[in-house]
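For the working numbering, count along the sequence shown from 1 and bump the result up by 20.
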Amino acid sequence: MKIAALIPAKGFTNAKQRLSPLLGVAQRELLAEAMLRDVLGQAVLSRGLDGVYVVTGDSGVSEIASFLGVHVIREESERGETEAAVFALASMGQAGIDAALVIPGDIPLVRSDDIELLLGQLSGHDANLPFALLTPSHDRMGTNALLLSPLGVIKLGFGYDSFTYHLAQVEAAGLPPRVLENERIALDIDEPKDLERFLEIVTRVRGSTSSPPRAESRGSSCSPNEHDNRARARISGGRTYETARKMGIVRALENANRFGKSCGGWKS
21 MKIAALIPAK
31 GFTNAKQRLS
41 PLLGVAQREL
51 LAEAMLRDVL
61 GQAVLSRGLD
71 GVYVVTGDSG
81 VSEIASFLGV
91 HVIREESERG
101 ETEAAVFALA
111 SMGQAGIDAA
121 LVIPGDIPLV
131 RSDDIELLLG
141 QLSGHDANLP
151 FALLTPSHDR
161 MGTNALLLSP
171 LGVIKLGFGY
181 DSFTYHLAQV
191 EAAGLPPRVL
201 ENERIALDID
211 EPKDLERFLE
221 IVTRVRGSTS
231 SPPRAESRGS
241 SCSPNEHDNR
251 ARARISGGRT
261 YETARKMGIV
271 RALENANRFG
281 KSCGGWKS
């Protein structure tokens, strides 16, 4: 079975408008690009994928994806997320892909091992039997990961309350409701409170990581380069964090004593 990741991605112009109370137009564009780069970077590092795909109608997104070694499925014009995903899955099927993990480009905390954990749910599953697994967003209104085999196993419908919609589609297909909660995948950044939560988490994780893992460890068969890659994968969201830091957002939130008010109970 050939499994690939799919990330639908719009252009960065006028991106993330719900962040406008905190960020200007140019800042939102930079942040959207940084988040997409973080997500693509972790997907590329993930073991068990036979490819990573982006579907987009934007030339800037295409250039970034191509530079990272990601397959680009071009739309003539940008459509909604649902239409783009359906279009891309059809193209992936023609390329010989049997199963897909659909994730958004605004979950910068995602790590390669989170993706591998999702893929592992297919391990041992009969490839001739349909399979669908969902990971909800933090408010359980959105669907932040969909693992599908075959590609058209359920009808897609992203947008408001898509998690409930997709669960209903799973039931309609006669499949068991497989749901895998994941806090990092759940945090999509749409509103200022989401960005605050993300920045606090990354600040905490960075503060608790005093030194990078050694390049070699006893009993390990990994090469130094692979160790370095896995270490980078464990500290996710780096580009997004640095972009926010350069904008002065991290310092502003620290000065306003906002950290510590939106992230209780997070497991780093």
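Every residue gets a Cβ at the ideal spot worked out from N, C-alpha and C, and that includes glycine. A quick note: this is a predicted structure, and the numbers were derived from the prediction, not measured.
- Beta-bridge partners of residue 119 (DSSP): 23.
- With respect to the C-alpha of residue 210, the residue from 48, 26, 262 and 27 having the closest C-alpha is 48.
- Cβ contact annotation for residue 32 (same chain, cutoff 7 Å, sequence separation greater than five): 49, 52, 53 and 80, in chain order.
- Boundaries of the beta strand (DSSP E) around residue 73: 72-76.
- Residue state for residue 90 is assigned as coil, using DSSP reduced to three classes.
- Under DSSP, residue 165 forms a beta bridge with 155.
- When DSSP states are grouped into helix, strand and coil, residue 57 belongs to the helix group.
- Separation of the CB atoms of residue 105 and residue 90 is rounded to 16 Å, and the pair is thereby denied contact status at 8 Å.
- A direct Cα-to-Cα measurement between residue 216 and residue 148 gives close to 44 Å.
- For residue 97, the CB contacts under 6 Å within the same chain, skipping 5 residues up- and downstream, are 77 in chain order.
- For residue 199, the three-state secondary structure derived from DSSP is strand.
- C-alpha of residue 158 to C-alpha of residue 126: approximately 13 Å in a straight line.
- Just so you know, the alpha carbons of residue 212 and residue 227 end up roughly 23 Å apart.
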